[in-house]
Structures are given as structure tokens and as C-alpha cells.
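Below you'll find the structure, written out as C-alpha cells, and then a few comments.
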Amino acid sequence: MIPIIDLALIRRYPHDKPFITSLDLALSQTGFCYLKNHGIPPALIRAAQDAAYEFFSLPTLYKQHYSIAHAARHSGYVGFDENGQYPDEAQRLYEAYDIGLELPFEDPDFLAGNIFYGPNTWPDLPQFRPAVYGYYQAISQLAYLLTQSIEAALGLRSHTLTNLMRKPIAQLRLIHYPENQNLPRDAQTHTMMGAHTDYEFFTLLYQTKAGLQTVDRKGKWLDVPPLPDTLVMNVGDMAEVITAGRYRSNPHRVLNLGQERFSMPFFAAFDYQARIEPMLENLNPSYLTTLHSLVAGEHLLQQVRQDFAYLRMQAAPLNPTANSLEIAHLHQARNPFLKGKIRWTQ
């Protein structure tokens, strides 16, 4: 059962005790929860959704003009053929559009070659940028408030985490799953997006149709259908590191149910250079052996390289000043957050 958390008081009282207790319980027990009274206007959500639908309805040749593989930074259109390095990617059936924090061409990190900073790629559609980036800004503000509440829930000093979000590498992804009536016989396990964890701190998801599933503590798949006027929140890899396993980055997937589906996951994240490590006083000693400190941006780069062929083909490192040993370590580092790996234990 996925719990429902009421955010009615969060904008005025992000440290409200009953609220942070319920949030902490949800994130530690299931890693997933619904958020109601989240404060994002329905009209803002609808505008972003309409803009996305307008873009995805256009000819493939037009959309490919804004391909993420040819963009100045990691932003743009992701086609149906952008498969990752995972066995379940053979069933992949979706297209997407990725954006992040909007920064000018003069941004020093962008000029240094950091693919997570700089100007976004925007299609030549009048309503797309204001609608989509308007939603990005609103959901970013909600994520900041939730981060304050998580600090309180974990007993951390105020701004311990939010101070790591001054220039976040948070991303918004618009995802379109097309209608597909040619369902296989194994439709109950046939996926449009394979099992994976989310790489960042946590995710805030808007979705239109059923299909999303997550794993419970017994290893069984659990449906996470859309509920009216709610967002779905789930724990990401960086939260699992910070809490030493108290919050689990739970695997999830999207089934192919034959119907058209649209979703907007926002991946709340820290600054690129933020050092992410266990921060709690009472740590789980049995879990510390599989976790280590991460640099937020290096972790994200390592993970998205598995998702995007164009990144795997790039010979140049993200950091032009990195030496060959650092680059080799980045490519070869062992990472416990493997796509499709179920780590819940009783």
C-alpha cells in the first residue's frame, strides 16, 4: 500500500512534526508515497502537459532536430531508439524531452564542458518554453521545501542539504508512451521502461495513466496508479547514501498496458560538486559496506552514460582537466545502484 501524505501545511510549516513523521515513515518503509495538496496549480501542470503533447505529435524529423545527442548540453529530445545498456531496454517504448536548470552561455561550468549546466535546448514552439520551464521552477520550489522537511525528519541541522542545492543538476523529463495495441502474451511483465532506480535525491512524478510499478519489501511488484490531484514521490540513489539505507532507492518500472501514457518526473538533485555521504548518527552497519561517498555529478554522469549511446561514444571527458586515471576510475567505478537490481531485504 502506497501511503498518501498531505502537504497542506508544508509551505508555512515545513518542520511540522506530524507531517515530517509521516513523510519519514513513508520514505523509510516503502520508498514511495503520494503527495496531495502539493500546491502546484492544475493549470500549470496542464500547460506543461499540453506543450509536451504538441511537441510529441510533430513529425519525427522535426523532433530529431532538437536531439539531445546534438545539443550543447544534456538537454533535448530523446527518441525511441536511444536504448541503454540493459537487457530490458529491448522492450523500451517511449520518447522523452529533458531539461535542467536554465543557465546562460557564459556560465563557467558550461564553458568548461559540464553537460549538466548551461542553456537548455528549446523547440521552436511559442508555448513550450514558458509552460515547461514554468513547471520546472514550480516543482523545484516544492522539492526545496521537501528537502527542508527531510532534513528535519532525519535530525539534520537546518540547511545541511539545501546548502548543497545552490546550483542543482536537477532535471525534468517529459515522457510520452505511445498507444500500443499489439500486446505480447506476457503483457503482465512486458515493460515500456525497464526496472531501474532513480539516480538523484528524490523524484516528484506527475502521471496520466496506470503502468508504474515498484517493489515491496518482499520483492513483489506493486502498482502505483495515478490518483487525482496528487504527485508521486520516490527515493533516489543519493538519499539512500545519505541515510545509509534508511531510505531505499527502490526499483520501479512501467508496464506496457497498451494505452497512451504521459508522465513528468522531476529529479531533485544537488550541485554537481556536492559530496554525498552517510550523514546520520545512528547508521546501519550492515549496509555501510555497500555504500560509499559520491560526488553528485560524477554519479549522475556514470549512470546516464548507461542510458545514452551518444555519451558512451564521446571520447572527451566531462572535466577537461581530469587526468587519465580519474577518467578511468569514473568509467570503471563499482556502483551499487544497478538498473533492475532489487535490493529490498526483510
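So in this note's numbering, spot 13 of the sequence shown is number 6, and the numbers just go up one at a time. A virtual CB, placed ideally from N, CA and C, is assigned to each residue, including glycine.
Closest Cα partner of residue i within the set the options
i, options, result
"Gly148", "Glu274, Tyr240, Tyr137 and Leu0", "Glu274"
"Pro244", "Pro123, Gly93, Arg4 and Asp209", "Asp209"
"Leu287", "Asp230, Pro97 and Leu20", "Asp230"
"Ala262", "Leu197, Phe49 and Tyr170", "Leu197"
"Pro221", "Leu18, Ile38 and Pro52", "Ile38"
"Tyr27", "Leu96, Leu167, Leu0 and Gln295", "Leu0"
"Gln200", "Thr153, Gln141, Ile143 and Thr223", "Thr223"
"Ala188", "Ala19, Gly204, Phe195 and Met272", "Gly204"
"Phe259", "Phe195, Asn113 and Pro123", "Phe195"
"Arg166", "Lys202, Glu233, Gly69 and Leu2", "Gly69"
"Ala64", "Glu144, Phe48 and Tyr90", "Tyr90"
"Thr53", "Leu20, Glu88, Ala36 and Gln84", "Glu88"
"Leu139", "Tyr265, Ser15, Phe49 and Gln84", "Ser15"
"Tyr192", "Asn227, Asn175, Lys202 and Lys211", "Asn227"
"Trp115", "Ala237, Phe73, Phe48 and Thr236", "Phe48"
"Thr236", "His285, Tyr55 and Gly72", "His285"
Assigned secondary structure, residue i (DSSP; H/G/I helix, E/B strand, else coil)
i, result
"Asp43", "helix"
"Ile(-3)", "strand"
"Pro244", "coil"
"Tyr192", "coil"
"Leu147", "coil"
"Ile33", "coil"
"Arg305", "helix"
"Arg66", "coil"
"Asp230", "helix"
"Thr207", "strand"
"Ser317", "Any reading at Ser317 must be qualified, since the residue scores a pLDDT of 34, below 50, and its modelled position is unreliable; the value itself is stated next. Three-state result, Ser317: helix."
"Leu28", "strand"
"Pro97", "coil"
"Thr236", "coil"
"Tyr128", "helix"
"Arg327", "Reliability fails at Arg327, whose pLDDT of 43 lies under 50, so the model's placement of it is uncertain and the value that follows must be treated cautiously. The answer is coil: DSSP assigns Arg327 none of H, G, I, E or B."
"Asp102", "helix"
"Tyr199", "strand"
"Thr223", "strand"
"Thr355", "The first residue shown for the chain is -6 and the last is 339, placing residue 355 beyond what the model contains."
"Ser60", "strand"
Rounded separation between residue i and residue j - CA only
i, j, result
"Asn107", "Asp100", "10 Å"
"Phe12", "Pro34", "21 Å"
"Gln164", "Val225", "16 Å"
"Thr184", "Ile61", "23 Å"
"Lys334", "Thr207", "Caution applies to Lys334, whose pLDDT of 44 falls short of 50 and renders its modelled position unreliable; the value that the coordinates give is listed next. Cα to Cα, the separation comes out at about 12 Å."
"Ile269", "Leu157", "9 Å"
"Val297", "Thr190", "12 Å"
"Gln252", "Ala267", "40 Å"
"Gln57", "His67", "14 Å"
"Gln299", "Asp102", "23 Å"
"Tyr59", "Tyr6", "41 Å"
"Ile(-5)", "Leu18", "11 Å"
"Lys213", "Ser142", "29 Å"
"Leu118", "Gly127", "15 Å"
"Glu291", "Phe301", "15 Å"
"Gln295", "Tyr137", "25 Å"
"Leu304", "Lys10", "44 Å"
"Pro219", "His152", "32 Å"
"Pro97", "Asn113", "9 Å"
"Arg159", "Leu215", "35 Å"
"Met257", "Ser242", "19 Å"
"Ser50", "Tyr170", "12 Å"
"Pro313", "Tyr110", "Bear in mind that the predicted position of Pro313 carries a pLDDT of just 48, short of 50, making it too unreliable to give a figure here."
"Met272", "Thr155", "14 Å"
"Tyr46", "Ser133", "22 Å"
"Asn175", "Tyr265", "42 Å"
"Glu319", "Ala40", "Residue placement at Glu319 cannot be trusted, given a pLDDT of 38 that sits under 50; what the coordinates show is reported in the next sentence. If I take the Cα positions, the gap works out to 43 Å."
"Val217", "Leu20", "15 Å"
"Asn316", "Gly72", "Residue placement at Asn316 is poorly supported in this model, since its pLDDT is 41, which falls under 50; the coordinates still yield a value, given next. Distance between the alpha carbons of Asn316 and Gly72: 33 Å."
"Ala308", "Arg150", "Unreliable positioning characterises Ala308 in this predicted model, as indicated by a pLDDT of 41, which lies under 50. The coordinate reading is nonetheless provided below. Looking at the two C-alpha atoms, the distance is approximately 41 Å."
Contact belief for residue i with residue j at Cβ below 8 Å, rounded distance in angstroms
i, j, result
"Gln42", "Phe255", "6 Å"
"Asn249", "Asn173", "6 Å"
"Leu135", "Gly32", "7 Å"
"Val125", "Ile92", "6 Å"
"Pro357", "Leu94", "It is not possible to answer for residue 357, since the shown part of the chain is limited to -6 through 339."
"Ile(-3)", "Lys29", "6 Å"
"Ala44", "Phe121", "5 Å"
"Ala145", "His8", "4 Å"
"Arg246", "Met186", "6 Å"
Segment limits, alpha helix (DSSP H) that includes residue i
i, result
"Ile13", "Lys10 to Gln22"
"Leu273", "No alpha helix (DSSP H) holds Leu273; DSSP gives it neither H nor E."
"Tyr55", "Thr53 to Gln57"
"Glu291", "Ala289 to Asp300"
Extent of the continuous beta strand (DSSP E) to which residue i belongs
i, result
"Tyr90", "Glu88 to Gly93"
"Leu165", "Gln164 to Tyr170"
"Arg254", "Arg254 to Ala261"
"Asp216", "Trp214 to Asp216"
Cutoff 9 Å: residue i Cβ touching any chain C Cβ
i, result
"Gln307", "Among the chains in the structure shown there is no chain C, since it carries only a single protein chain."
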